[in-house]
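Protein chains in written order, with my numbering: chain A, 227 to 610; chain F, 227 to 610.
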């Protein structure tokens with residue numbers, strides 16, 4: 227096990243009806259900016275519940291933070307936030323709204339150009355407190371201090387972190403997910419699944435408990451996925467387990483003392499930047515291909531994962547590894563998500579552009595496993 | 227799954243050599259009181275490492291917090307703390323030192339009689355910040371806001387909690403456990419094991435992920451116990467997993483949305499109060515007996531636990547349940563701990579005294595399972 231530091235001060239408020247606790251959780255004397263996405267909260271009842279709680283508070287609203295939140299949109303919120311002297315941010319929506327709000331929280335108190343903070347996260351020395359009402363289980367943003375911000379102009383995605391960007395609290399009511407389209411649920415499951423394997427499918431370091439906990443998330447996703455995708459009407463317990471898995475997959479709880487990878491996310495982010503494909507879809511495309519290309523390097527963990535999550539215990543190591551990769555891919559397919567670039571009619575030239583970007587930036591992904599641009603080229607070729 | 231709130235702001239600093247980070251973690255301008263147990267830190271190298279880090283800080287030391295920390299000892303520390311205007315507490319030692327220090331932290335700023343706080347925890351409205359260098363993995367006190375305080379005079383043990391009693395940080399270096407006697411390691415494993423089952427072995431509420439995580443701790447304890455107990459020289463990885471399990475078993479991470487029991491601990495605390503038996507020993511005595519007496523009520527979870535932790539899958543439910551209980555008891559025995567009251571030559575009259583106490587206080591333990599004094603009598607009789 228590696229040495230590690232762990233810290234996560236976010237308060238989770240979880241369960242049916244828990245938006246009713248918002249009033250007690252918000253600071254009484256704050257100037258609040260409530261941030262939203264495109265408006266789905268107006269059709270699923272969340273907006274009414276939130277507004278009911280906000281009675282008597284001093285707040286303004288900012289609408290329109292899009293999926294893969296854009297710098298170009300966020301600077302508008304930042305400008306308003308500075309002008310209105312906002313002191314507290316409440317993100318209502320999915321991971322993109324929350325990611326965008328984390329950036330707003332750092333940029334409002336920053337005196338220089340907001341873009342500086344993206345280029346150099348360490349310049350974000352102060353943040354405005356933020357919190358969330360989370361309605362789309364996927365990114366884990368409700369209980370971590372990270373965000374991903376896109377820039378339209380340059381087709382780039384950037385990671386954004388500060389030590390104080392943890393939400394002060396996050397309200398998670400599984401019933402708010404009932405109105406999500408199946409495609410978004412599927413993408414959320416895949417995002418949660420891949421967050422987990424990025425912290426698990428590397429190489430063994432005798433971190434037994436963390437391995438069991440990562441496998442616990444993967445097993446739960448496997449066990450609930452049929453009900454989750456086939457339900458005529460949503461089942462509360464299934465939604466609860468899904469929502470809890472999404473939060474626990476990226477809040478540091480399974481990251482203690484283990485090596486991490488994040489290659490699938492890095493390649494996936496580039497795919498989204500160049501093609502506009504939904505984040506979860508890009509992960510479903512990249513991950514099986516990455517496992518095939520990296521089979522030798524990841525063999526020990528592949529066999530362990532195959533046995534413990536998919537009960538694959540018969541055959542030579544080579545056979546078991548292959549079966550495990552196939553099982554993973556067919557799991558993504560069973561959620562209704564195709565796993566090859568060609569399924570989405572992506573132009574082959576996109577591969578060259580992405581490889582070029584990895585080459586330019588001299589990226590090496592995956593600790594000890596040196597996933598450089600040559601390997602990225604192989605992965606994308608395999609994924610086509 | 228039940229509705230829940232989760233909050234845990236303790237920073238964990240984990241791994242070999244991490245006491246060297248103490249200096250950066252301590253507040254520069256504090257008046258620090260460092261609290262210790264009986265002196266074992268002077269023989270295992272921890273004291274030198276801590277003192278080295280404290281150079282340049284304004285600190286005093288308080289020695290002698292005993293196992294099952296006594297109110298009578300703690301009031302001495304409180305008196306000194308008030309007089310010296312202490313503003314920060316650093317507990318160096320095991321769970322008892324830390325538990326005692328949590329009480330000191332609440333009592334120093336309290337103007338009335340310290341005993342008031344034990345009788346009514348809600349009177350502890352203010353606490354002095356505290357932190358720990360934890361050397362004995364067992365109680366989980368390093369990452370929660372609870373403590374157990376004993377009073378010699380009345381042979382009683384009391385739970386003590388406040389919302390702000392979380393350590394600000396806890397340093398966990400698995401090497402500090404190398405000098406622990408095998409008996410203490412065994413008791414720590416049992417304490418960790420029973421903390422876990424108190425949050426797991428109740429009744430099913432479709433909390434799949436929490437079940438997997440609880441089973442993950444139990445599986446890990448099972449997998450490391452042979453090496454842990456038989457090692458000629460301590461193995462770092464085994465100690466790391468042991469230490470991490472102990473912390474994760476009682477920091478709320480496996481408690482999200484699940485019913486809890488705590489009957490074994492409540493009965494065990496009374497046993498310690500009347501007989502002086504070590505906490506871990508009392509749990510090893512009570513738990514198998516409790517499972518036998520409560521077999522019907524806990525049947526669903528017993529079968530699940532038997533299958534997932536001990537691979538007991540053959541036979542009738544009755545047979546599997548019995549086998550699971552036997553396997554649990556023999557696990558405790560394999561650590562070198564006997565599991566019957568008679569093994570410790572405890573007088574049978576102690577049972578009556580404990581039952582009387584449960585009767586007087588009208589205690590009912592275990593949600594939905596109503597473990598009242600009649601049941602406690604059966605359990606202790608079974609445990610004899």
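All C-beta atoms in this analysis are idealised placements derived from N, C-alpha and C, irrespective of residue type, glycine included.
Assuming residue 533 (chain F) is part of the alpha helix (DSSP H), what are its boundary residues?
If you number the second chain from 1, residue 533 (chain F) lands on position 307. Element bounds for residue 533 (chain F): 525–536.
Kindly list the residues whose CB is nearer than 8 Å to the CB of residue 322 (chain A), restricted to its own chain and excluding five residues on each side of it in sequence; keep chain order.
Here residue 322 (chain A) is taken as the residue at index 96 of the first chain, counted from 1. Within the same chain, 263, 291, 292, 293, 294, 295, 365 come within 8 Å of residue 322 (chain A) by CB-CB distance, once the 5 residues on both sides are set aside.
In chain order, which beta strand (DSSP E) runs of at least 3 residues are fully inside the region 332–383 of chain F?
The region 332–383 of chain F contains these whole beta strand (DSSP E) runs: 356–360, 372–377.
What are the partner residues of residue 259 (chain F), as DSSP defines its beta bridges?
Numbered from its first residue, the second chain carries residue 259 (chain F) at position 33. For residue 259 (chain F), which the question treats as bridged, DSSP gives the partners F:286, F:315.
Residue from A:334, A:404, A:342 whose Cα sits closest to the Cα of residue 361 (chain A)
Working through the first chain from its first residue, we reach residue 361 (chain A) at position 135. Across the set A:334, A:404, A:342, the C-alpha of A:404 shows the shortest separation from the C-alpha of residue 361 (chain A).
Answer with yes or no whether the minimum CB distance from residue 439 (chain F) to chain A is below 8 Å.
Taking the first residue of the second chain as position 1, residue 439 (chain F) is located at position 213. Cβ-Cβ to chain A under 8 Å: yes for residue 439 (chain F).
To the nearest angstrom, how far is the alpha carbon of residue 237 (chain A) from that of residue 231 (chain F)?
Numbered from 1 along the first chain, position 11 holds the residue referred to as residue 237 (chain A). Numbered from 1 along the second chain, position 5 holds the residue referred to as residue 231 (chain F). Computed Cα separation, rounded: 7 Å.
Give the residues from the region 461–476 of chain F that approach chain A closer than 7 Å (Cβ to any Cβ), ordered along the chain.
For the region 461–476 of chain F, which is checked against every Cβ of chain A, the residues closer than 7 Å are 463, 466, 467, 470, 471, 474.
Using a Cβ distance threshold of 8 Å, determine whether the region 326–337 of chain F contacts the region 346–360 of chain F, with at least three qualifying pairs required.
Touching, yes, given that three or more Cβ pairs across the two stretches are closer than 8 Å.
Where residue 324 (chain A) and residue 536 (chain F) are concerned, what is the direct C-alpha to C-alpha distance, given to the nearest angstrom?
Counted from its first residue, the first chain places residue 324 (chain A) at position 98. Counted from its first residue, the second chain places residue 536 (chain F) at position 310. Rounded to whole angstroms, residue 324 (chain A) to residue 536 (chain F) spans 42 Å at the Cα level.
On the DSSP bridge list, what partners appear for residue 231 (chain F)?
Residue numbering aside, residue 231 (chain F) sits at position 5 when the second chain is read from its first letter. Beta-bridge partners of residue 231 (chain F) (DSSP): A:239.
Taking CB distances under 8 Å as the criterion, tell me whether residue 601 (chain A) reaches chain F.
Here residue 601 (chain A) refers to the residue found at position 375 of the first chain. No, residue 601 (chain A) does not count as interfacial toward chain F.
With respect to the beta strand (DSSP E) encompassing residue 398 (chain F), which residues constitute its N-terminal and C-terminal limits?
Here the question's residue 398 (chain F) lines up with position 172 in the second chain. Counting along the chain, the unbroken beta strand (DSSP E) around residue 398 (chain F) starts and ends at 395–398.
Between F:341, F:376, F:277, which has its C-alpha nearest residue 267 (chain F)'s C-alpha?
Translated into positions along the second chain, residue 267 (chain F) becomes position 41. The candidate whose alpha carbon is nearest that of residue 267 (chain F) is F:277.
Could you tell me whether the Cβ atoms of residue 417 (chain F) and residue 509 (chain F) are closer together than 8 Å?
Along the second chain, read from residue 1 onward, the residue named residue 417 (chain F) stands at position 191. Along the second chain, read from residue 1 onward, the residue named residue 509 (chain F) stands at position 283. With a cutoff of 8 Å on beta-carbon distance, residue 417 (chain F) and residue 509 (chain F) are scored as near each other.
In chain order, what residues of the same chain lie with their CB nearer than 7 Å to the CB of residue 395 (chain A), ignoring the 5 residues before and after it?
Numbered from 1 along the first chain, position 169 holds the residue referred to as residue 395 (chain A). Close CB contacts of residue 395 (chain A) within its chain, under the 7 Å cut and outside five residues either way in sequence, are with 236, 237, 239, 251, 357 (chain order).
If we ignore side chains and look at the alpha-carbon of each, how far apart do residue 465 (chain A) and residue 549 (chain A) end up?
Here residue 465 (chain A) refers to the residue found at position 239 of the first chain. Here residue 549 (chain A) refers to the residue found at position 323 of the first chain. In a straight line, the C-alpha of residue 465 (chain A) is about 29 Å away from that of residue 549 (chain A).
Within chain F, the residues that residue 239 (chain A) reaches when beta carbons sit closer than 7 Å:
Within the first chain, the letter at position 13 stands for residue 239 (chain A). Per Cβ cutoff of 7 Å: 231.
Residue(s) in a DSSP beta bridge with residue 591 (chain F)
As a first step, residue 591 (chain F) is located in the second chain; it is residue number 365 there, counting from the start. Among the bridge pairs identified by DSSP, residue 591 (chain F) is matched with F:597.
Flag residue 325 (chain F) as yes if its beta-carbon sits less than 8 Å from any beta-carbon of chain A, otherwise no.
The residue you call residue 325 (chain F) lines up with position 99 of the second chain. Residue 325 (chain F) does not count as touching chain A.
Provide the residue(s) that pair with residue 479 (chain A) in DSSP beta bridges, ordered along the chain.
The count along the first chain starts at 1 and reaches residue 479 (chain A) at position 253. Answer is none; residue 479 (chain A) lacks a bridge partner.
Spatial neighbours of residue 398 (chain A) in its chain, beta-carbon cut-off 6 Å, leaving aside the 5 residues before and after:
Here the question's residue 398 (chain A) lines up with position 172 in the first chain. Excluding positions up to five away in sequence, the list reads 240, 360, 469.
Interface positions of the region 536–564 of chain F facing chain A (Cβ-Cβ less than 7 Å), listed along the chain
Answer in chain order: no residues at all.
Measuring CB atoms only, is the region 487–503 of chain A touching the region 540–558 of chain A, in the sense that at least three cross pairs come out at less than 8 Å?
Judged by Cβ distances under 8 Å, the region 487–503 of chain A makes no contact with the region 540–558 of chain A, as fewer than three pairs qualify.
Is residue 512 (chain F) near residue 490 (chain F), with beta carbons less than 8 Å apart?
As a first step, residue 512 (chain F) must be located in the second chain, where it is residue number 286. As a first step, residue 490 (chain F) must be located in the second chain, where it is residue number 264. Yes, they are a contact pair.
Under 7 Å Cβ to Cβ from residue 590 (chain F), same chain only, skipping five residues before and after it: list those, please.
Along the second chain, read from residue 1 onward, the residue named residue 590 (chain F) stands at position 364. Around residue 590 (chain F): 596, 597, 598.
DSSP three-state assignment for residue 616 (chain A), whether helix, strand or coil
Since the displayed chain A opens at 227 and closes at 610, residue 616 (chain A) lies outside it and no answer follows.
Host alpha helix (DSSP H) of residue 560 (chain F) (start-end):
As a first step, residue 560 (chain F) is located in the second chain; it is residue number 334 there, counting from the start. Unbroken alpha helix (DSSP H) run through residue 560 (chain F): 543–560.
Decide if the region 521–534 of chain F is in contact with the region 560–576 of chain F; the criterion is three or more beta carbon pairs, one per stretch, under 8 Å apart.
Per the Cβ contact rule, the region 521–534 of chain F is not in contact with the region 560–576 of chain F (fewer than 3 Cβ pairs under 8 Å).
Of all the residues that make up the region 440–451 of chain F, which are near chain A by a beta-carbon distance shorter than 8 Å?
From the region 440–451 of chain F, only 441, 442, 443, 445, 446, 449, 450 have a Cβ closer than 8 Å to chain A.
With 9 Å as the limit, tell me which residues of the region 408–432 of chain A have their beta carbon closer than that to any beta carbon of chain F; keep them in chain order.
Against chain F - using a Cβ distance shorter than 9 Å - the residues of the region 408–432 of chain A are 431, 432.
So residue 514 (chain A) is in the alpha helix (DSSP H); what residue range does that whole segment cover?
The residue you call residue 514 (chain A) lines up with position 288 of the first chain. Note, residue 514 (chain A): alpha helix (DSSP H), 505–519.
Among F:315, F:473, F:342, which one has its Cα closest to the Cα of residue 419 (chain F)?
For the purposes of this step, residue 419 (chain F) is taken as residue 193 along the second chain, with counting starting at 1. Ranking the options by Cα distance to residue 419 (chain F), first place goes to F:473.
Run the CB neighbour count on residue 467 (chain F), radius 10 Å, all protein chains shown included, and call it buried at 16 or more, exposed below.
Numbered from 1 along the second chain, position 241 holds the residue referred to as residue 467 (chain F). A buried status is given to residue 467 (chain F), since no fewer than 16 other beta-carbon atoms sit within 10 Å of its beta-carbon.
Which residues in chain A have a C-beta closer than 9 Å to the C-beta of residue 242 (chain F)? List them in chain order.
Position 16 of the second chain, counted from the first residue, corresponds to residue 242 (chain F). Result: 229.
Could you check how far apart the C-beta atoms of residue 257 (chain F) and residue 313 (chain F) are, in whole angstroms? I think they sit under 8 Å.
Residue mapping note: residue 257 (chain F) aligns to position 31 of the second chain, counting from 1. Residue mapping note: residue 313 (chain F) aligns to position 87 of the second chain, counting from 1. For a cut-off of 8 Å, the C-beta gap from residue 257 (chain F) to residue 313 (chain F) is around 5 Å, short enough to register as a contact.
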